[in-house]
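Novice: Handing you this structure, nothing more for now.
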Amino acid sequence: MDPRSEVLLRQADLFSGELLLAGLPADDLLGQLPNARGWSWHAGDHQQLQARFGDRCAFGVEPPSAPFEAAVLFLPKSRELTDYLLEALACKLAGRLLYLVGEKRAGIERAAKQLAPFGQARKLDSARHCQLWQVKVAHSPAPPDLERLAQRFSLPLIGGPLQVVSLPGVFSHGRLDRGTALLLEHLDDLPGGRMLDFGCGAGIVGSCLKRRYPESELILLDVDAFAVESSRLTLAANGLDASVIAGDGIDAAPRDCSAIVSNPPFHQGVHTHYEASESLLQRAASHLSPGGELRLVANAFLRYPPLIEASLGRCDTLQEADGFRIYSARRER
């Protein structure tokens, strides 16, 4: 059981009514709170919860339409995303209770300040290195417009500027990170056909691929609903047509890709995770057609070449700069 869930269950008498659990972990909390429903924006967590609890958990960037008497937000890493989520919940809870639970290392100490616009916040519990806060919503905000909260910026690229739409919580929110910038310099000579942007974020790499290879089928994949929506908005802002899907890791991707291009994630929340990236490297061959290429950028300290070579064979380093490396490997015919 996630320690944040354990803290909630210490106060289980508070959560007997119609409760919405926003950003909940994929544990047994819904099983312990039979009147609760879940809202997740992580495709992997949602898949696990849906398998166990059916339609009691919704997926997406907006709260589910079903009414609720109170809500608990599991504190995400991003402050901007936290602000949006609190407003999205508080606007439906006038005069009712909103809770915030999170780990101390995730910044729950700032909870009172972030809850202050809605009413007088108070700390209910502190255990398992977590805290639980509560506010009665005295000042209900207007429903937030997620698109208006997006950061929009333009990338000066060959062939014209690329308009990027970045939503709160998306990787490298509002800016181009150095790893992706380096990868954009190495998109030449990819085999045409079905291309996959794995871990698409705000859709920068995928949009550039579609521009450079307009005849290719382009698929963008991310585990995060806010990234998926960002990619859709970025594609639309540039008049580009591609498929954007939410899925947990490479197993959610189609087969027979001519190229998989990625700045693969290795962070999730306040904890470091390598599973998604390592699974991509280990199973890329099963998603590439013969002669298909895996091309990615990674921090130089990550020992990715042995994993790539075990799956695909020879791994070439196309460039090393600023602590990053560009790797390329092809599936043998």
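What the sequence shown shows, in full-length UniProt numbering, is residues 1 to 333, in sequence order. The beta-carbon is built from N, C-alpha and C at its ideal position, and this holds for glycine as well. What you are looking at is a predicted structure, and each value in this text was computed from that prediction instead of being measured.
1. Can you check the segment 141-228 for any alpha helix (DSSP H) of at least 4 residues that lies completely inside it and give the ranges in chain order?
2. Give the DSSP-derived three-state secondary structure of Val137 in the structure shown.
3. With which residues is Ala22 paired in a DSSP beta bridge?
4. With DSSP as the reference, identify every bridge partner of Glu103, one or two as the case may be.
5. Between the Cα of Ile260 and those of Leu8, Ala246, Leu280, Gly17, spot the shortest distance and give me the residue it belongs to.
6. Exposed or buried, what is Met1 when buried is set at 16 or more other beta-carbons lying within 10 Å of its beta-carbon?
7. Taking its Cβ as the centre, do 16 or more other Cβ atoms sit within 10 Å of Gly323, making it buried, or is it exposed?
8. Taking 6 Å as the limit between beta carbons, can you name the residues of its chain near Leu288, skipping five residues before and five after?
9. As an exercise, report each continuous beta strand (DSSP E) stretch of at least 3 residues that is fully enclosed by the segment 246-329, in chain order.
10. Should the segment 58-75 be called in touch with the segment 86-101, which here means at least 3 C-beta pairs below 8 Å?
11. Considering only the alpha carbon of each residue, which of Ile158, Ala58, Arg152, Val165 lies closest to Arg211?
12. Counting only the same chain and skipping the five closest in sequence on each side, list residues whose C-beta sits under 7 Å from that of Gly119.
13. State whether the segment 228-240 contacts the segment 165-178, with contact taken as three or more CB pairs (one from each stretch) at a distance under 8 Å.
14. With which residues is Phe118 paired in a DSSP beta bridge?
15. Three or more C-beta pairs under 8 Å: does that hold for the segment 109-128 against the segment 194-208?
16. Taking the alpha carbon of Arg110 as the point to measure from, which residue in Leu132, Leu93, Leu89 has its own alpha carbon closest?
17. Residues in its own chain within less than 6 Å of His271 by CB, not counting five upstream and five downstream?
18. DSSP three-state label for Asp125, please.
19. Which residue's Cα is closest to the Cα of Arg333: Pro290, Thr317, Leu81?
20. So is Glu215 buried or exposed if we call it buried at 16+ other beta carbons inside 10 Å?
21. Report all residues from its chain with a CB closer than 6 Å to the CB of Gly247; omit the five preceding and five following residues, and keep chain order.
22. DSSP beta-bridge partners for Ala58?
23. Inspect the CB distances between the segment 72-82 and the segment 21-40 and report whether three or more fall short of 8 Å.
24. Taking all protein chains shown into account, do 16 or more other C-beta atoms lie within 10 angstroms of the C-beta of Glu185, making it buried, or fewer, making it exposed?
25. Please name the residue, chosen from Gly179, Pro143, Ser328, Ala12, that lies closest to Ala88 on a Cα-to-Cα basis.
26. Less than 8 Å separating the beta-carbons of Leu14 and Leu30?
27. Grab me the residues of Ala321's own chain with a C-beta within less than 7 Å of its C-beta, minus the 5 sequence neighbours each way, in chain order.
28. Comparing C-alpha positions only, which one of Pro305, Pro254, Arg255 sits nearest to Ser277?
29. By Cβ distance below 6 Å, which residues in the same chain neighbour Glu309 in space, the five residues on each side in sequence not counted?
30. Excluding five sequence neighbours on each side, which residues of the same chain lie with their C-beta closer than 7 Å to the C-beta of Asp189?
31. On the DSSP bridge list, what partners appear for Ser243?
32. Could you check if Asp145 is buried or exposed, using at least 16 other CB atoms within 10 Å of its CB as the buried criterion?
33. By alpha-carbon positions, which one of Ala106, Ala112, Pro117 ends up nearest to Ser78?
34. Please state whether DSSP places Leu98 in a helix, a strand or coil.
Specialist: Judging by the given coordinates:
1. 178-184, 204-212
2. Coil at Val137, not helix or strand.
3. Trp39, Leu73
4. In the DSSP assignment, the residues bridged to Glu103 are Cys130.
5. Relative to Ile260, the option among Leu8, Ala246, Leu280, Gly17 whose CA is nearest is Leu280.
6. exposed
7. Around the beta carbon of Gly323, fewer than 16 other beta carbons sit within 10 angstroms, so the residue counts as exposed.
8. Once the five neighbours on either side are set aside, the close Cβ partners of Leu288 are Cys257, Arg331.
9. 257-262, 288-299, 316-321
10. yes
11. Ile158
12. Val135, Lys136, Val137, Ala138, His139
13. yes
14. According to DSSP, which records beta bridges pairwise, Phe118 is partnered with nothing at all.
15. Touching, no, given that fewer than three Cβ pairs across the two stretches are closer than 8 Å.
16. Leu132
17. Confidence in His271 is poor, its pLDDT being 43 and thus under 50, which makes the residue's placement too unreliable to answer from.
18. In the structure shown, Asp125 adopts extended strand secondary structure according to DSSP, grouped into three states.
19. Pro290
20. Looking at its Cβ environment, which holds fewer than 16 other Cβ atoms inside 10 Å, Glu215 is exposed.
21. Ala43, Leu221
22. Trp39
23. yes
24. exposed
25. Pro143
26. Cβ distance not < 8 Å, so Leu14 and Leu30 don't count as in contact.
27. Leu182, listed in sequence order.
28. Pro305
29. Cys315
30. none
31. Ile219
32. exposed
33. Comparing Cα positions, the closest option is Ala106.
34. strand
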